[in-house]
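Student: Going letter by letter, the sequence shown gives residues 779 to 1192 in my numbering.
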Amino acid sequence: MFSLKSLALIATACSLLVAQPVAKPDDAGMSADRLKRIHESIQRHIDAGEICGAVTAVARRGHVVDFEAHGLMDIESGKPMQKDAIFRLASMTKPITGVAIMMLVEEGKVHLSDPVSKFIPEFREMKVAMPAEHGAGAPAEPGFSLVPANREITIHDLLTHTSGLASGGLGAAQVPKIAPHSPTDTLASYVPKLAAIPLDFQPGTQWAYSGGAGPDTLSRIVEIVSGQTYDKFLRMRIFEPLGMKDTFFYPPAARRPRLVTLYRKSPNGLVKDPNQDGYSNPNYFSGAGGLISTAGDYLQFAQMLLNGGEWNGKRLLSPRTVELMASNHVGDMFNGKLGRPAHGMGFGLIVQVVEDNVAAGLRVSNGSFGWDGAFGTQVWVNPKEKMVTIIMIQTQVAQVQRDFENAVMQAIVE
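1) Which of helix, strand or coil does DSSP assign to L1040?
2) Taking only three categories from DSSP, how would you classify S923?
3) Quick one: grab the DSSP three-state call for S793.
4) How would you write the range of the alpha helix (DSSP H) that I874 sits in, first residue to last?
5) Over what stretch of residues does the alpha helix (DSSP H) that includes R838 continue unbroken?
6) Give me the DSSP bridge partner(s) of R929.
7) Leaving out five residues before and five after F897 in sequence, what residues of the same chain have Cβ atoms less than 6 Å from its Cβ?
8) Could you work out which residue in F1027, S941 and Y987 is closest to T964 when comparing CA atoms only?
9) Got a sec, what are the start and stop residues for the alpha helix (DSSP H) G992 sits in?
10) Around the Cβ of M1014, are there at least 16 other Cβ atoms within 10 angstroms (buried) or fewer (exposed)?
11) Is F1182 helix, strand or coil by DSSP?
12) Sort out for me which residues DSSP pairs A1120 with in a bridge.
13) Here's a check: name, in chain order, each residue in its chain whose Cβ is nearer than 6 Å to the Cβ of V1038, leaving out the five neighbours to either side.
14) Does the segment 808-817 touch the segment 1146-1161, meaning 3 or more C-beta pairs lie closer than 8 Å?
15) Determine, using beta carbons only, whether A868 and G1067 come nearer to each other than 7 Å.
16) Beta carbon of D978, beta carbon of S945: below 7 Å?
17) So is Q1177 buried or exposed if we call it buried at 16+ other beta carbons inside 10 Å?
18) With a threshold of 16 other CB atoms inside 10 Å of the CB of K861, please say whether the residue is buried or exposed.
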C-alpha cells in the first residue's frame, strides 16, 4: 500500500523538479518498498564515513518515482542535506557540452568531420609527441621527439576523446610549461594556447581521456560559431528552455548557502577541500567540468535526452541525433580505460555507452548512456527501461555509484 506520507514526499519532489510529473512507484513498474533500499545503501556509506551525504533521483516512464536527500550538506555545521542542494558537476558538465555542439551540427553550422582549425586556426599543423626511439623527428625533450600529425584533429575526435589533445601522455606533460592557466583566462584567451601542446598520439588511433582540453576547445567553438559567450549560449539555448534555474558556471551569492561542502578522503576521514569552488570559475566557462547544478535541474536535461531531444514542449535535438550521441563510435578502444570495465563498454559523443552489461559487470541495462564527475556525481539515461537515474555526492567513491545502480535496478518489478 502506498502511504500518504510517501505521496507527500513525492509531491515535494515535484515542486523542486520544475513540472516533472510524479507517480506512485507501482504505477511506473517499481516497488515502493524496494526503492527504500536506495536510502539504506547510501546511508551505509555515510555511516562508514566515506561521504557526508547525497541527493538521488529516479524517474521512470516520464515520472519521478524516488527523490531523496541523504545525510548532511556540511559535517562541521551538521546542516541536513536538502533536495535542492547545489553540487559541483565536474565532468558531468561534458554531456551538456555535447548537446550544445550537436545543436550546432543540426543547424549545419558545424560538422563532425570539421577540422578544429576551421574555427581556431592555431590548431593547424599539429605535432605528435613520440618516444625518442620511435622514428625520426625534431628533438623535443629527453625521452621523446615530435613528428607531424597524420591528419588534423576534428570535432568528432574531441567528442570521442580520440584526439590525443592533453590526454595524459608525453604531450600532456608539457601543458604546465606551454599552456599554464591564468586566473583571468577566458576560453578565448586560453584555448588557442592548447594548439601548441604536442598530441599524445596520432588522431583517431586511441581512446584517451582529454578531460579538460578537448571539451573546453569544443566550448570555444560554440562561442565562435554562435557569437555568444559559452555561459550565455547554454543559458539561452539549454538551461532556460529546460527550466534549469540552478545551473551556473559560478555560484551566485544567493545560491552559495545551498552549495554542498566538498570533501576529500584521508586516513583520518573526510577532510574539507581547500578549493571549495572546484572547477567553477567566474571568467573561464569550462565545458569540461565547470558547471554547478542540482539533481532536479539535471533531471530535466537527462529526461530531455531520454525523450529523444524534447522536454516539456521544448525540442533541443532530434531523436536521431540523440541516438547518434548514444551509439558507440570507438569500437573496443574504450574498454578498460579510465577505470571502466575491461569488456562490454563503448563510447559515443562525449558519453559512455553500455553495450554488454553482463560482460561489463554493471547493473544497468544495455544501451544506457551517461557520464560522471570527479566529485562523485553521475547520470544514467536508460532507454530500455525508460528511466533516468542521478546521484549527486561531493566525494569520489565509486562503490557508492555501483550500490545506487543496484538499488535502482532491483526495485524494477515489471
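From the three backbone atoms N, C-alpha and C, an ideal C-beta is built for every residue, glycine too.
Tutor: With the structure as the only source:
1) L1040 falls in the coil class under three-state DSSP.
2) In this structure, S923 counts as strand in the three-state DSSP scheme.
3) Note that S793 scores a pLDDT of 48, beneath 50, so its modelled location is shaky; the value from the coordinates is reported in the next line. If DSSP states are grouped into helix, strand and coil, S793 belongs with the helices.
4) Counting along the chain, the unbroken alpha helix (DSSP H) around I874 starts and ends at K872 to E884.
5) No alpha helix (DSSP H) holds R838; the beta strand (DSSP E) holding it covers G831 to R838.
6) In the DSSP output, where bridge partners are listed per residue, R929 has none listed.
7) Contacts found: I999 and I1002.
8) Residue F1027 is the option with its Cα nearest to T964.
9) In the DSSP assignment, G992 falls within the alpha helix (DSSP H) that extends over A991 to S1004.
10) Around the beta carbon of M1014, fewer than 16 other beta carbons lie within 10 angstroms, which makes this residue exposed.
11) Helix at F1182.
12) Paired residues: none, contrary to the question.
13) Excluding positions up to five away in sequence, the list reads M851, A863, F865 and Q1172.
14) The segment 1146-1161 vs the segment 808-817: no contact.
15) Yes. Within cutoff.
16) The Cβ atoms of D978 and S945 lie closer than 7 Å to each other.
17) Q1177 is exposed by the Cβ-count criterion.
18) By the 10 Å Cβ count, K861 comes out buried.
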